[in-house]
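Novice: With the working numbering, letter number 26 in the sequence shown gets 44, and the count goes up by one each step, no holes. Ideal Cβ placement from N, Cα and C applies to all residues, glycine included. Small disclaimer: the values here were computed from a predicted structure and weren't measured. Handing you a structure now.
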Amino acid sequence: ANKYQYWTNDKGAPTIEEWLKGATEHPGSWWPDWIKWISTKSGAKVPARTPGDGKLKVIEDAPGSYVKIRAE
Numbered sequence: 019a020n021k022y023q024y025w026t027n028d029k030g031a032p033t034i035e036e037w038l039k040g041a042t043e044h045p046g047s048w049w050p051d052w053i054k055w056i057s058t059k060s061g062a063k064v065p066a067r068t069p070g071d072g073k074l075k076v077i078e079d080a081p082g083s084y085v086k087i088r089a090e
């Protein structure tokens with residue numbers, strides 16, 4: 019079930035059609051390549067914070083009640 023893919027092209031193009039003509043298709047998720055790219059632009063990794071350990075108190079467990087509210 020390899021239904022995901024993404025395309026890359028290092029050259030700009032005036033239209034998406036022209037960009038796609040020169041693009042390379044890659045099977046699978048783009049996340050591993052993005053992680054590799056962003057890690058070259060980021061500082062050192064730091065541990066994740068624990069909710070409630072800082073000055074702000076935990077309001078409620080994730081995902082939060084706001085996700086259950088319907089927009090009208």
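(1) Check PRO50 in the structure and name its three-state DSSP category.
(2) How many angstroms separate the CA atom of SER47 from the CA atom of ILE56?
(3) Out of LYS39, TYR22 and TYR24, which one is the CA nearest neighbour of GLY30?
(4) Identify every residue that forms a DSSP beta bridge with THR42.
(5) With ALA41 and TRP25 assumed to form a contact (beta carbons below 8 Å), what rounded beta-carbon distance in angstroms separates them?
Specialist: In this structure, then:
(1) The three-state secondary structure of PRO50, taken from DSSP, is helix.
(2) Taking C-alpha positions only, SER47 is separated from ILE56 by approximately 15 Å.
(3) Per the C-alpha coordinates, the member of LYS39, TYR22 and TYR24 positioned closest to GLY30 is LYS39.
(4) THR26
(5) 4 Å
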